[in-house]
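Take the sequence shown: its letter number 259 is residue 248 in the numbering used here, and every next letter is one higher.
Backbone N, C-alpha and C define an ideal beta-carbon position, used for all residues, glycine too.
Working notes, structure below.
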Amino acid sequence: MAGWAHKRKIQLTGFKGQEKEELIDLLLRLDCVLIDSKKYRNCTHLIAKQLCKSEKFLAACAAGKWILTKDYIINSAASGRWLDETTYEWGYKLEKDPHFSPQMQSAPKRWREELLRSGAPGAFHRWKVVLIVKEGDKRRDSITRVLEAGKATIYQSQNAEREITHLFIDNKRFTTEREKHLFEAPYYSVQYLGDYLLESEIQNFVEDSHVNACLAEQEARDTESDIHLVEMKHALIKHMYFAQKMKQKSTQIDQLNGCNTEVKNNDLSRGTFCILEGLVEGHFFPDVIGELSAAQKYSIPPVQHLHSLLEQMLQGNTDAVFSAKFFHVLYILLQLDPPWKSPSMLRYYLELLQCPICMKGTWSLLEMLVRSCLYCEKFCHGVSGSEKVNEERMVHKTLLKFFFNLVKAEVEALIKSLFEEMNSQQLQVMPQTVLLKTFWLESETSVLFTKHINILVDWVIHCQREKYRTNDMLKHEVSSLLNGILGTVVEYWILSGFIMDKNVFQQVADNLAHYIAISCDDFSAQKLKVFIDSIPSLWLQMFVAEAVFKKFCLQRNIIISTEPLSLQKIVRSYLPALRELGMHETVKMQNVKKQKIGQWPCPQSQRALLMLNGDKQNQVEGLPDLPEIICSKNPSLSETLRVTAEVEALHTKENHQSMVKDMRLYKTNIKGETALHIACIRNKVEKLIQLLSIPGVDINVKDYAGWTPLHEACNHGSTVCVREILQRCPEVDLLSQVDGVTPLHDALSNGHVEIGKMLLQHGGPKLLQQKDSSGKFPLDYVESIPVKQELLDIVRPEETVESFSKHVEDDFHSQQTELWLILFSKMLLNICSVYNLPSPFTLTFKELGCSNSVPLVVNDGQKLKNSFVADWFVDLFTRELETFQKLPNFLHTISMDLQHFSGEQMEALLATLETMAKTTRPSAFHLSNN
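As structure tokens, this is what we get:
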């Protein structure tokens, strides 16, 4: 034992993998004791890969131990004996390094020499310390070992002496008033230990404590300021989510969060488990559900048994009663043992929510469910030729609904944690949830617009288009669920930003909302209005409204600010832009009335193509003229776009339209055209009929440019093909468009009047009310007045072309201006709602834990901003508050700027603004010393 005591005791820090193994091999050749531990263990020599603030490095500094480079081991092993340590010590040579100051480089050497010179047992030997760090926090144990290595005396707060010299707190945690004022000693953040050992000069610390006292006082002030800032940020976040939290009290979330507090035995008893195994093997699945339901209060159902039941359901081997009982078990499970209860429960749900046969993860299951519900695709392990297709799709929809309820509950639990667990340590990563594991891969957590979220957005947009083509109620329900899941994803992203103290708003605006706005470019004003209204997330709704509004402004060469969305930008940039849009449309209407119908020039497309590779559109001109008598001599927009699409198709590598898995049916050429497109282009009627007879065929499939088979039939004059499509495909989209070009535009711009008549007989007057991006209605492509009247008589026999054109133009103008006003309203009202600006908010000094001597009394946003150090969130919130408090000053300006608008939407907006303006004075933030 005596020999062991005099041996070198070596610890390593910073080394990993092969490098660490090689050093250990060298150490085994030398006479020493290797202490292979992640914790500091009173070694004599610490071998460090680099300068750092790890536990072992700080503890060795505080204890005056040798801290050496790895060359000490390498050269000693080469010599076969231990060499002198002096030249291998960190700090022996100082180098110019932007990452490590000279003070930090020399710290190990300085502390070893100072402790040796003074005879002090450690760097903290006169410290009397109380640690106010959460029990169970790993950092508490680590800090304790560093302090003990430096010979500090550590007391429990309840047993501490009055002569405490240092009070250490976690500045990410609120300390109670009693803890902060129990001792007269200054308090420090835990980071102070590293700064004291590595950054501060040693001023003869044994003899003279004056300098340390000054440093301690400054550190105490800085720490107190940091704590006040953290408390203020938490209070602001609570204020923002107060309305949602109150709403949760009357919803299911309280039940979900009110988890069973009894300690459960997660494993079933051996007897129960054997019974379940026997029932599963005997295919007595209804009895399995009964046993699981009865045992749920005492244990968690095994995943393998739930998978056995789920497999039967997905293969269509069960009835509605069985499904109802199964989902009852799942919802009870979610109520009693939610995924946020513990990491093990999160793993449980991730294992549960996957195909019981494939076992490819939650995303794979979600994708299969959606494709079954939306595109009637066969489930991965469904039974071929099943007669229960509708029942199976209903099960898939119900499972999708459970997933939505689960992830929604996860987000609501996060909101609840903002109010109940704000004192916990700040996370450096996104909160671990089923939602995170489904939509983000490990390497994608810093990005919002991941591949899976991109696909989710495409599903949502597809559902919005299908809403007007089908009466399938299940598809409408799935549309609502997918919209809800997307909104939940965005809410989770925003919450994660607050929890990690990162500004993540701009990724929603620049990436996600921008993509949605482009994807909706073929929506009419009415469809766009309905879609934006349906977005459940106020954040996403606000950013999508901005993206669409900006697109309208850019199309009309209206200059707007490039700064991020804020209340100030809405009032000072978007409000004048809204006025210009109104004036622009009024002038345009006046010019339209002066022009002869059908004589507008045909400008190039303003939209271009939504290509997967993002290339810009190449413009192509020089198209053949149309027949003189019937159609305008100007080249049609559809022809221009088709030539453009041929150029763009050379750059496109994949087709993102995959509605069914029949690869032969949807095999595409270089332009993305399917067999349906080609049959219509070549007027191959028999081939078209054969293709339309295939189950699940999608007549609305688009090529890379966005053209459907009906577009091609109308463009190429394939009259019989058009007739067959109209007769055989009631779901055909007659309003599908590219840059506003509908099939009717395509037919009439190319002189195919008979096709135009068939379309009108099938689709009615709404087909004549669509305007392309050149500003033309379908009849504008027909020059002959008698032919125009003949076409109009099919749907409006009592009306003349002139009167019809006038009221259609008026209706279009009305819809456009209403949409612009709605977009502006969504931005303005939503930004006030998400920050909860209209609600009063009072914060007292006692809530902040401030001393009476700290001057923090503020009555408005500017003073609040000046009272704290610069912080992105406090700065952002206070700027919104300042602008909101000036809202009464803008009311007259807003009324004047909106004089070009009228209607209920306008009146509702002004009434809401007036109500909000009245609340600005009482809603000012008050920080009082009560």
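Beta-carbon within less than 6 Å of residue i's beta-carbon, same chain only, minus the 5 sequence neighbours each way: which residues are those?
i	result
Thr697	Asn689, Lys691 and Ser725
Glu340	Val292
Pro590	With a pLDDT of 36 at Pro590, under the threshold of 50, the predicted position of this residue should be treated as unreliable, though the coordinate-derived value follows. Result list for Pro590: empty, nothing under 6 Å.
Thr901	none
Gly225	The identity of residue 225 in the sequence shown is Leu, whereas the question assumes Gly. Contacts found: Phe866.
Gly978	The chain is shown from -10 up to 919; residue 978 falls before or after that span and cannot be answered.
Using 10 angstroms around the beta-carbon of residue i, count the other beta-carbons present and answer buried if the total reaches 16, otherwise exposed.
i	result
Thr551	exposed
Ser762	buried
Gly6	exposed
Trp528	buried
Val384	buried
Ile774	exposed
Lys760	buried
Ala736	buried
Gly111	buried
Ser331	exposed
Asp522	exposed
Gln544	exposed
Met302	buried
Asn546	exposed
Asp86	exposed
Gln453	buried
Asn878	exposed
Arg70	exposed
What residues in its chain sit with their C-beta under 8 Å from that of residue i, if we drop five residues either side in the sequence?
i	result
Arg129	Leu120, Val122 and Lys123
Asn492	Gly486, Trp861, Phe862 and Leu865
Asp159	Ile121, Val122, Lys123, Asp126, Arg128, Ser178, Val179 and Gln414
Phe231	Asn825 and Ser828
Gly260	Note that Gly260 scores 48 on pLDDT, short of 50, meaning its location in the model is unreliable; the coordinates nonetheless yield the value given after this. So no residue of the chain qualifies.
Thr904	none
Lys222	Asp490, Asp860, Phe862 and Val863
Ala498	Phe532, Glu535, Ala536, Pro553 and Leu554
What do you reckon, are the CB atoms on residue i and residue j nearer than 8 Å?
i	j	result
Glu713	Ile667	no
Val423	Leu395	yes
Leu929	Glu44	The structure shown has nothing for residue 929, since the chain only spans -10 to 919.
His566	Lys540	It should be pointed out that residue 566 corresponds to Ala in this sequence rather than to His. Cβ atoms of Ala566 and Lys540: not closer than 8 Å.
Val751	Cys703	The question names Val, but residue 751 in the sequence shown is His. Contact: no.
Asp511	Gly695	yes
Lys42	Leu136	no
Leu335	Pro328	yes
Glu300	Ile346	yes
Tyr504	Phe438	yes
Phe46	Thr76	no
Lys59	Ile24	no
Leu463	Lys386	yes
With a CB to CB cut of under 7 Å and the five nearest residues on each side skipped, what residues in its chain are close to residue i?
i	result
Leu818	Thr901
Gly883	Note that residue 883 is Ile in the sequence shown, not Gly. Cβ within range, chain order: Leu564 and Leu902.
Phe113	Ala51, Leu136, Gly139, Lys140 and Ala141
Ala48	Tyr29, Arg134, Val135 and Ala138
Gly745	Leu733, Ala736, Leu737 and Leu780
Ile783	Lys746, Leu749 and Gln750
Can you tell me whether residue i sits near the ligand GTP, meaning its C-beta is under 7 Å from at least one heavy atom of the ligand?
i	result
His34	This structure lacks the ligand GTP; in fact it carries no ligand of any kind.
With three or more beta-carbon pairs closer than 8 Å as the criterion, would you say the segment 658 to 675 touches the segment 700 to 713?
yes
Is there contact here, the segment 4 to 15 with the segment 93 to 109, by at least three beta-carbon pairs under 8 Å?
no
Taking only runs of the beta strand (DSSP E) that begin and end inside the segment 107 to 134, which ones reach a length of at least 3 residues, in chain order?
117 to 121
Answer yes if the segment 658 to 665 comes into contact with the segment 332 to 346, meaning at least three C-beta pairs across the two stretches below 8 Å, and no otherwise.
no
Inspect the CB distances between the segment 808 to 825 and the segment 532 to 540 and report whether three or more fall short of 8 Å.
Segments in contact, yes.
Tell me, please, whether the segment 453 to 468 touches the segment 426 to 443 by the rule of three or more beta-carbon pairs shorter than 8 Å.
Fewer than three pairs of CB atoms, one per stretch, sit closer than 8 Å, so the segment 453 to 468 makes no contact with the segment 426 to 443.
Every unbroken alpha helix (DSSP H) inside the segment 643 to 719 [4 residues or more]:
664 to 670, 674 to 681, 698 to 704 and 708 to 717
Any contact of the segment 354 to 362 with the segment 308 to 317, i.e. 3+ C-beta pairs under 8 Å?
The segment 354 to 362 vs the segment 308 to 317: no contact.
At least three beta-carbon pairs within less than 8 Å, the segment 111 to 120 to the segment 76 to 96:
no
Could you name each continuous alpha helix (DSSP H) segment of 4 residues or more that falls completely within the segment 324 to 351, going from the start of the chain to the end?
332 to 341
Runs of alpha helix (DSSP H) lying entirely within the segment 433 to 487, each at least 4 residues, in chain order
440 to 455
Tell me whether the segment 468 to 482 and the segment 444 to 451 touch, counting them as touching only if at least three CB pairs, one residue from each stretch, are closer than 8 Å.
yes
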